[in-house]
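Read through the structure below, which is laid out as structure tokens, and then see the notes.
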Amino acid sequence: TREFRFDQVLAGDADQDQAYAVAGGIVDSVCEGYNGTVMAYGQTGTGKTHTVFGTGAFWTRGDDAQEPAGDLMALAGILPRSLYQIFGYVHTHQSTSHFQ
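Using my numbering, the letters of the sequence shown correspond one by one to residues -9 to 90.
Listed below in structure tokens is the structure:
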């Protein structure tokens, strides 16, 4: 028998903000040099892809804005929010840190 520890299990009615409230802390740790994993697990059709990537409206916006609008960011899943956070971290720390 194997035991697994979970930091958080989200309810079925959790929104993107609630999902990223958990994942964002893991991304913070990764930016500081620690390993981190976010795993979406569940039955077929339960919303894993939606949680990870977000809604189609987020991906089809078609403009070159560098700062996502607040309502648009609410449609983003864990992956685009993580990338936004990571690139923000690099931008903020580029003068004091070395990135490889």
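Every residue, glycine too, gets a C-beta built ideally from N, C-alpha and C.
- Counting only the Cα atoms, Gly67 lies some 8 angstroms from Tyr10.
- The closest CA to that of Ile16, considering only Ile76, Lys38, Gln6, Gly32, is found on Ile76.
- DSSP places Gly44 within a strand segment (E or B) once states are collapsed to three.
- For the pair Asp5 and Gly26, the Cα-to-Cα distance works out to about 22 angstroms.
- Residues Cys21 of the same chain have their beta carbon placed closer than 7 angstroms to that of Tyr79, with the five preceding and five following residues left out of the count.
- At the C-beta level, Thr41 and Ala30 come within 7 angstroms of one another.
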